[in-house]
Amino acid sequence: SAIDSRLSWWYLRTYLMDTVLVKVDRASMAFGVECRSPLLDVDLVELVFDFRDRGVLKKFPGKKLLAKVIQNNGYALPKAGKKHGMGVPIIRLLRTVLREEFENLTKQELIQSQGIFNIESVEELKRNVMVGRKEVRKEAWGLLVFQAWMQKYANTNGHN
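Quick note on our numbering: the sequence shown kicks off at 151 and runs consecutively.
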């Protein structure tokens, strides 16, 4: 349908191209590795969109069509391993490498002098970080980045 086509274009043009592929490119370049995305060949992408429009993908959802094509061409597929994303271990970083920075930027005196955050909530967040609770990673990272920004640009407590 037209909506599916627009959503697919949006996904390819924004999230995939501007987010995922940028991360892959930066990570591979950082280690001097040349990385290719052969499944993003223009002709192949257009073929898949055509398959979707003709209902072929309903019979072979997900990566099953690709697996079928590979197997039909005489290749054996390896057994799938456990998948995981390329997430950043934020809580581990805040407890180790960034610990001093995190503690300095979330000191009670600083938080109170700013008058922005509830001090009890910040202290609870810090405790959760230090015991390794991963579910607070977004809040903790957001707080760290905001506080670093405040220190650099808002000139809080007299420092630049």
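Here a beta-carbon is modelled for each residue, glycine too, at the ideal position from N, C-alpha and C.
> If GLN301 and LEU255 are in contact, beta carbons under 8 Å, what's the gap, nearest whole angstrom?
Replying inline: 7 Å
> Which value, in whole angstroms, describes the spacing of the CA atoms of VAL286 and SER271?
Replying inline: 12 Å
> The alpha helix (DSSP H) with GLY292 in it runs from where to where?
Replying inline: 287-299
> Which of the three DSSP states, helix, strand or coil, is assigned to THR256?
Replying inline: Three-state DSSP puts THR256 in coil, outside helix and strand.
> Hey, out of SER263, GLU259, GLN262 and LEU248, whose CA is closest to ALA290's CA?
Replying inline: Of the listed residues, the one whose Cα sits closest to ALA290 is LEU248.
> Just curious, the alpha helix (DSSP H) that MET179 is in, first and last residue?
Replying inline: From DSSP, the alpha helix (DSSP H) with MET179 extends over 171-180.
> Quick one: is PHE252 buried, meaning 16 or more other Cβ sit within 10 Å of its Cβ, or exposed?
Replying inline: Buried is the call here.
> Do you know how far the Cα of ASP200 is from the Cα of ILE241?
Replying inline: 43 Å
> Should LEU189 be labelled buried (16 or more other beta-carbon atoms within 10 Å of its own) or exposed?
Replying inline: exposed
> Whose C-beta lies closer than 6 Å to the C-beta of SER155 among residues of the same chain, with five residues either side of it excluded?
Replying inline: Listed in chain order, the non-local C-beta contacts of SER155 below 6 Å within the same chain number zero, local neighbours out to five positions each way being set aside.
>> How far does the alpha helix (DSSP H) with ARG163 in it extend, from its first residue to its last?
In response: Per DSSP, ARG163 belongs to no alpha helix (DSSP H) and is neither H nor E.
> Is the beta carbon of LEU207 less than 8 Å from the beta carbon of LEU215?
Replying inline: Yes, the Cβ-Cβ distance between LEU207 and LEU215 is below 8 Å.
> Between which two residues does the alpha helix (DSSP H) containing LYS232 stretch?
Replying inline: Per DSSP, LYS232 belongs to no alpha helix (DSSP H) and is neither H nor E.
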